[in-house]
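With this note's numbering applied, the sequence shown corresponds to residues 1 to 176, in that order.
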Amino acid sequence: MKTVVLGPRPAELQSLIERRHKLGIDLFDEVWEGSYHVAPAPNAAHAYIDDVLAVLLHPYAKAAGLVGTGPFNLGRPEDYRVPDRGFHRGRPQGTWVPTAAIVVEIVSPDDETYEKFAFYADHEVAEIIVADPAAHMLAIWRRTPGAGYEEAPVSALLEVTAADLTTAIAWPDETG
């Protein structure tokens, strides 16, 4: 279910956003060209896959000279996305990170993973790793010269295949 509020932000909505910020539950909220997207915390399957991927990908990232992070703000205050994980060419600094070598997105019910691809291309993200707990699959997407992405069997940066990662994951039976 999606709710769209057109026009100026009502005081009640602004109050909700401020309350989420005060409570620290806005970690996954995003701003898409000025439109505020409220995102809940991940479900259990999502959180589990994130933890597994952090462990699996760490040695590959380290060997490639990349620095891993959990969720971070990719973009600028008025237009940013929050990938589940990122790998960077050096330690990122500050609240707003302009790019990443790789972002990891874990699909959750009603999320906007694939709608973020154009934004990531505009911010020169080289690869996107998408894990889908419900489908028990993982895909690697590589940026193309035309500023889009195409699915690739192997990460050029991490030198690991999507098939090897998919096999290494003990996929959860439930997705909620």
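Note that CB positions come from ideal geometry on N, CA and C, so glycine has one too. Being a predicted model, the structure only gives us computed values, none of them experimental.
By a beta-carbon distance limit of 8 Å, T69 contacts H88. Their separation comes to about 7 Å. According to the DSSP assignment, A139 belongs to the beta strand (DSSP E) that extends over M137 to R143.
For A131, there is no enclosing alpha helix (DSSP H); the residue is part of the beta strand (DSSP E) that begins and ends at E127 to D132.
Taking 7 Å as the cut-off, the Cβ atoms of V67 and E105 do not count as close.
The C-beta of G90 has fewer than 16 other C-beta atoms within 10 Å across all chains shown, which makes the residue exposed. Check the Cα spacing between H123 and each of V82, A39 and P133: the tightest is with V82.
Look at A41 here: in three-state DSSP terms it is coil, with no helix or strand label. V67 is bridged by DSSP to H88.
Annotation for D79: the continuous beta strand (DSSP E) segment containing it runs D79 to R81.
If you draw a 10 Å sphere on the C-beta of E115, you find fewer than 16 other C-beta atoms in it, and that means exposed.
A distance below 7 Å between beta-carbons, with the five flanking residues on each side excluded, links Y149 to the following residues of its chain, in chain order: F117, A121, I128, W141, R142 and R143. Taking the CA atoms as reference points, V52 sits about 11 Å from T166.
Listed in chain order, the non-local C-beta contacts of V154 below 6 Å within the same chain comprise T161, local neighbours out to five positions each way being set aside.
Residue environment for V55: exposed (fewer than 16 other C-beta atoms within 10 angstroms of its C-beta).
For the options A126, L138, L74 and A170, the alpha carbon positioned closest to that of P145 is the one of A126.
Per DSSP, R9 lies in no beta strand (DSSP E) segment and is marked neither H nor E.
Boundaries of the alpha helix (DSSP H) harbouring A168: A162 to A168, taken from the DSSP string.
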